[in-house]
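S.K.: First residue of the sequence shown: 1, per the UniProt record's numbering; consecutive thereafter. Let me begin by handing over the structure; questions about it come next.
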Amino acid sequence: VCRTVPQCTRGFSYNTATGSCQDTDECAADLDTCTERQRCENTVGSFVCRRILGCGTGYSMVEETQTCRDIDECKDRNRCEHSCVNVVGSYECTCRPGYKLNPDKRTCSDIDECQSYSLRGRVCGGACINTPGSYMCTCPNGWRTLGGGRSCQDIDECAEGTYRCTAPESICFNTRGSYKCPQVTCPPGFVRTPMGSRRNSVRCKRTSFTCQRGDVECLTAPISLSYNFLSFPSNIKIPTDLFAMSGPLTSQKQFAWDLKVIDARPLKSGVMAVNRGYFDLKVENSAQAVVSLNYRIQGPQDVELELTMQITDLRSRYTGTAVSKIFLYVTGDSVV
């Protein structure tokens, strides 16, 4: 039997099994005319080309809903060296404390705190040692750490009883980072008085002011003799007053002053020894004189000064002297 096949309209095709026209899926049959940037969507009797949404970097397309979803890049553990923080559409790498992010925005480098913070002042009171992700402060011998290790405090060996001064008539005097054992020997006719609470001065007290005829040593001996000890770093603020000495303020006495550098001993090669020009002697109201420092002294260096006050009684014309020996123990400035 010959049957006439009906003509189907465009977009339909005849189905022999059902004997009827059915929709043609142009998308599945690759009959559509959509471009690469379009998505084919079949309709009854035709098709529609829809624009494909561009999600951009950091997003992925959800096919079911045709929406964009943020990609969590931090799921890739190798993306950042230390830590990864996901943000919408991207991510950020962060570093642990003590490290900084490199220009590649992924890897980290150690921060040298000792060098980086040096422009703001010293990081440590003593020496600064950089460590991975941090730093540590150390103090030289004779100092103990304070304030979490960043500061150094001088150990007073004299007060703590850890010193060793074995020479006869030696005393212990604390210096920055160490101590000295100066020998204080009073000349004949003098006795040594006990040190004060500050432990920086010893006085030799004259036992008698009566001299036998012809006893030159007795006649020329000072009426007062003191040993004074000072310690300070090379970077001391200048000018600064170091020592003051005074006599009785009266119109019946006349005073004359003299300052000498008795000894200067640098304790390290390359350190310049001081001279008289480093010091100034300021006389105030004739009965008082102040020794001041004009220039910084390179340390370590031990300096001995001698300040003499000549006293003349205007009525009896008797002249006597008072002598103050001043010992300066100048240390380096490696600790602040």
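We put the CB at the ideal spot given by N, CA and C, even for glycine.
Between the C-alpha atoms of Y163 and K268, what's the straight-line distance to the nearest angstrom?
M.R.: For the purposes of this step, residue 163 is identified with residue 163 of the sequence shown, where counting begins at 1. For the purposes of this step, residue 268 is identified with residue 268 of the sequence shown, where counting begins at 1. When rounded, the distance between both Cα atoms is 23 Å.
S.K.: Can the beta-carbon of D302 be found closer than 7 Å to that of R265?
M.R.: Counted from its first residue, the sequence shown places residue 302 at position 302. Counted from its first residue, the sequence shown places residue 265 at position 265. Cβ distance < 7 Å, so D302 and R265 count as in contact.
S.K.: As an exercise, report each continuous alpha helix (DSSP H) stretch of at least 4 residues that is fully enclosed by the segment 139-208, in chain order.
M.R.: Counting only runs of 4 or more, we get 157-160.
S.K.: Give the single residue among V261, C139, R37 and S60 whose Cα lies nearest to the Cα of C49.
M.R.: Looking up residue 49 in the sequence shown gives position 49. Among V261, C139, R37 and S60, the Cα nearest to that of C49 belongs to R37.
S.K.: Assuming T321 contacts P248 under a Cβ cut-off of 8 Å, what Cβ separation, rounded to an integer in Å, is found between them?
M.R.: To locate residue 321, count along the sequence shown from 1; it is residue 321. To locate residue 248, count along the sequence shown from 1; it is residue 248. Between P248 and T321 the Cβ distance is about 14 Å, and since that is not below 8 Å, they are no contact.
S.K.: Considering just the uninterrupted stretch of the beta strand (DSSP E) at T321, what are its terminal residues?
M.R.: Along the sequence shown, read from residue 1 onward, the residue named residue 321 stands at position 321. Taken as a continuous stretch (DSSP letters only), the beta strand (DSSP E) holding T321 covers T319 to T331.
S.K.: How would you write the range of the alpha helix (DSSP H) that C218 sits in, first residue to last?
M.R.: By 1-based counting over the sequence shown, the position of residue 218 is 218. Looking at the DSSP string, the run of the alpha helix (DSSP H) that includes C218 is V216 to T220.
S.K.: Classify A174 as buried or exposed, calling it buried when 16 or more other Cβ atoms lie within 10 Å of its own Cβ.
M.R.: The count along the sequence shown starts at 1 and reaches residue 174 at position 174. The question names Ala, yet the displayed sequence has Asn at residue 174. With 16 or more Cβ atoms within 10 Å of its Cβ, N174 is classed as buried.
S.K.: Taking the alpha helix (DSSP H) that C8 falls in, what are its first and last residues?
M.R.: To locate residue 8, count along the sequence shown from 1; it is residue 8. Note, C8: premise wrong, no alpha helix (DSSP H); not H, not E.
S.K.: Quick one: what's got a C-beta closer than 7 Å to E92's C-beta in the same chain, skipping five residues either side?
M.R.: Start at 1 with the first residue of the sequence shown, and residue 92 comes out as number 92. So the qualifying residues of the chain are V85.
S.K.: Would you mind sorting I297 into buried or exposed? The rule is 16 or more other CB atoms within 10 Å of its CB.
M.R.: Mapped onto the sequence shown, residue 297 falls at position 297. Per the 10 Å Cβ criterion, buried.
S.K.: Looking only at C-alpha atoms, which of S251, T33, Q288 and C165 sits nearest to S324?
M.R.: Within the sequence shown, the letter at position 324 stands for residue 324. It is Q288 whose Cα lies nearest to the Cα of S324.
S.K.: Which of helix, strand or coil does DSSP assign to residue 384?
M.R.: Outside the shown range of the chain (1 to 336) lies residue 384, about which nothing can therefore be said.
S.K.: Determine, using beta-carbon pairs with one atom in the segment 107-115 and one in the segment 125-136, whether at least three such pairs fall under 8 Å.
M.R.: The answer is yes - the segment 125-136 touches the segment 107-115, with three or more Cβ pairs under 8 Å.
S.K.: Taking only the alpha-carbon atoms, compute the straight-line gap between R51 and R39 and give it to the nearest angstrom.
M.R.: Here residue 51 corresponds to residue number 51 of the sequence shown, with the count starting at 1. Here residue 39 corresponds to residue number 39 of the sequence shown, with the count starting at 1. Going by the C-alpha atoms only, they are around 6 Å apart.
S.K.: Of all the CB atoms in chain D, is at least one closer than 7 Å to the CB of Y14?
M.R.: Note that chain D does not occur in the displayed structure, where there is just one protein chain.
S.K.: Tell me the DSSP bridge mates of Q288?
M.R.: Position 288 of the sequence shown holds residue 288. Beta-bridge pairing links Q288 to S246 and E284.
S.K.: If you drop the 5 nearest sequence neighbours on each side, which residues of the same chain put their C-beta closer than 8 Å to that of T94?
M.R.: Numbered from its first residue, the sequence shown carries residue 94 at position 94. Excluding sequence neighbours, T94 sits near C80, H82, S83, C84, V85 and L101.
S.K.: With DSSP as the reference, identify every bridge partner of A264, one or two as the case may be.
M.R.: Within the sequence shown, the letter at position 264 stands for residue 264. Answer by DSSP bridge pairing, in chain order: V303.
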